[in-house]
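This report refers to the structure that appears directly beneath it.
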């Protein structure tokens, strides 16, 4: 099918396509030429080429599970000993900002004279073009310098040549944007409320696509696979809150008119549909979870890995809900301490919280390993460039250093933010270092950013 044209819907073209798909399909986009006899003009829309998916049906070996789990945890979760202790809560004053702020913020942020072109002249040679794309993705203002260590340039060029030869738009696929973190020390507002950190990340992704026009004239799109509905129950977030967060992310995107380059669909959709043979990826995840629980009882190294992963779950689970009846000092012990409290009542609570988070660790790791084992994302979007917020081999960290982990903290600016480069992401508790902090909200009451106050 030709790409869905028209702009009466608030959805992007990829989102409109996705609404027509009932079963798992691989998607490739091929550039084509069409002559419109009514308008007497030529157009070059993308043709959406799809095939039904069949996932692998064999079961991963124990060695694969152990090795993949070790890689996954070490890439995404720090060791227990490296966890910061929240120092306290800042004193807040309040201020509002009008609706015009975001448009001015976007305009100043997307100026391309702020984004330098990578080394080398522009070229129509496909390998030279792919090399320039690689260099741009390794620029810290667009991607990350760590992308150079995690991705071999020759392999990247080889994989990108076919897409460029077809004159197709690049597609970056990025899992993320779940919901706002509900660690009671990291974010002071609800799971359904994105702030300027999330919005800035959207703009950074858009700026990435604009910068790529410097070296790739056919354009680029970013597809965000929102994992909120996939992990909401696991992290004790209501599904309604995860869905409202996603709607607000799309509303901010549309308000800034970024739907031409940024699309958002739920990651759960890729796992909750049976393939052509009836295989359901979520069932594979359940089988992997059972095997992991068994292996952890007999493998010493896995016990230590799951201890680190459980500590990560403690920091990410909804402690606002689960620890609502505790004061800050007691909650800190539950979330950040590896030592069982001396108080017997608190000790019992500590063990309960530990067990809950250990269960979440098994479920979370099983889902991630099933995605890797079935190669779910690549199967749905062959030829796409895999984006990540956790730099790792074979994937590209996107949107510069200021965009990562936007949902795990709050937007902070040392002065009134003019562009995305003024916005950093910080845990809320870190603002206690300032004597006073201004909490800035949009005029509809939704959170915007924090800024150190005078005095």
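In my numbering, the protein residues as written are 1261 to 1715.
Where is the CB? At the ideal position from N, CA and C, for every residue including glycine.
Residue i versus residue j: straight-line alpha-carbon distance, rounded
i, j, result
"residue 1515", "residue 1572", "34 Å"
"residue 1327", "residue 1624", "16 Å"
"residue 1356", "residue 1703", "6 Å"
"residue 1772", "residue 1687", "The structure shown does not extend to residue 1772, since the chain is modelled only from 1261 through 1715, so no value can be given for it."
"residue 1667", "residue 1592", "20 Å"
"residue 1651", "residue 1297", "48 Å"
"residue 1317", "residue 1539", "8 Å"
"residue 1671", "residue 1302", "45 Å"
"residue 1568", "residue 1331", "13 Å"
"residue 1520", "residue 1470", "11 Å"
"residue 1364", "residue 1698", "21 Å"
"residue 1398", "residue 1336", "20 Å"
"residue 1681", "residue 1457", "11 Å"
"residue 1705", "residue 1441", "19 Å"
"residue 1369", "residue 1601", "48 Å"
"residue 1300", "residue 1639", "39 Å"
"residue 1277", "residue 1499", "24 Å"
"residue 1663", "residue 1509", "The predicted position of residue 1663 is uncertain, since its pLDDT is 44 and thus under 50; a value taken from the coordinates is nonetheless stated next. If you take the alpha carbons of residue 1663 and residue 1509, they lie about 15 Å apart."
"residue 1387", "residue 1308", "25 Å"
"residue 1563", "residue 1700", "44 Å"
"residue 1529", "residue 1408", "32 Å"
"residue 1612", "residue 1556", "19 Å"
"residue 1417", "residue 1403", "17 Å"
"residue 1574", "residue 1444", "11 Å"
"residue 1565", "residue 1435", "23 Å"
"residue 1380", "residue 1396", "Bear in mind that the predicted position of residue 1380 carries a pLDDT of just 46, short of 50, making it unreliable; the figure below should be weighed with that in mind. Distance between the alpha carbons of residue 1380 and residue 1396: 11 Å."
"residue 1709", "residue 1696", "14 Å"
"residue 1497", "residue 1292", "44 Å"
Check whether residue i and residue j have beta carbons under 8 Å apart
i, j, result
"residue 1683", "residue 1673", "yes"
"residue 1274", "residue 1523", "yes"
"residue 1257", "residue 1290", "A query on residue 1257 cannot be resolved here, the shown segment of the chain reaching from 1261 to 1715 and no further."
"residue 1636", "residue 1541", "yes"
"residue 1495", "residue 1620", "yes"
"residue 1641", "residue 1431", "yes"
"residue 1643", "residue 1425", "no"
"residue 1384", "residue 1429", "no"
"residue 1485", "residue 1548", "no"
"residue 1350", "residue 1692", "yes"
"residue 1552", "residue 1525", "no"
"residue 1320", "residue 1610", "no"
"residue 1658", "residue 1669", "no"
"residue 1712", "residue 1694", "yes"
Of the residues the options, the one placed nearest residue i, counting alpha carbons only
i, options, result
"residue 1415", "1655, 1669, 1707", "1655"
"residue 1603", "1590, 1615, 1651, 1596", "1590"
"residue 1511", "1659, 1324, 1546, 1362", "1362"
"residue 1347", "1707, 1711, 1689, 1695", "1689"
"residue 1401", "1280, 1606, 1472", "1472"
"residue 1532", "1371, 1406, 1487, 1563", "1487"
"residue 1596", "1585, 1319, 1306, 1614", "1614"
"residue 1493", "1578, 1508, 1279", "1578"
"residue 1527", "1507, 1550, 1491, 1536", "1491"
"residue 1678", "1555, 1360, 1324, 1320", "1360"
"residue 1367", "1467, 1657, 1669", "1467"
"residue 1605", "1371, 1586, 1598", "1586"
"residue 1323", "1582, 1352, 1559", "1559"
"residue 1546", "1535, 1622, 1410, 1446", "1622"
"residue 1685", "1459, 1280, 1583, 1333", "1459"
"residue 1489", "1271, 1306, 1627", "1627"
Status (buried if at least 16 other CB within 10 Å, exposed otherwise) for residue i
i, result
"residue 1608", "exposed"
"residue 1570", "buried"
"residue 1580", "buried"
"residue 1588", "exposed"
"residue 1649", "buried"
"residue 1325", "buried"
"residue 1554", "exposed"
"residue 1653", "exposed"
"residue 1304", "exposed"
"residue 1294", "exposed"
"residue 1333", "buried"
"residue 1269", "exposed"
"residue 1352", "exposed"
Residue i at chain B interface by Cβ criterion, 8 Å
i, result
"residue 1291", "Judged by its chain identifiers, the structure shown contains no chain B, having just a single protein chain."
For this session: Could you tell me whether the segment 1307 to 1314 touches the segment 1283 to 1290, where touching means 3 or more Cβ pairs closer than 8 Å?
Result: At 8 Å Cβ cutoff, the stretches touch.
Problem set entry | the segment 1450 to 1470 in contact with the segment 1492 to 1503 per 3-pair CB rule at 8 Å | Result yes; three or more Cβ-Cβ pairs closer than 8 Å.
Problem set entry | Segment contact flag, the segment 1462 to 1479 with the segment 1507 to 1525, C-beta cutoff 8 Å, min 3 pairs | Touching, yes.
Exercise. Any chance the segment 1473 to 1487 sits against the segment 1390 to 1407, with 3 or more Cβ pairs inside 8 Å?
Worked result: Output reads yes: the segment 1390 to 1407 touches the segment 1473 to 1487.
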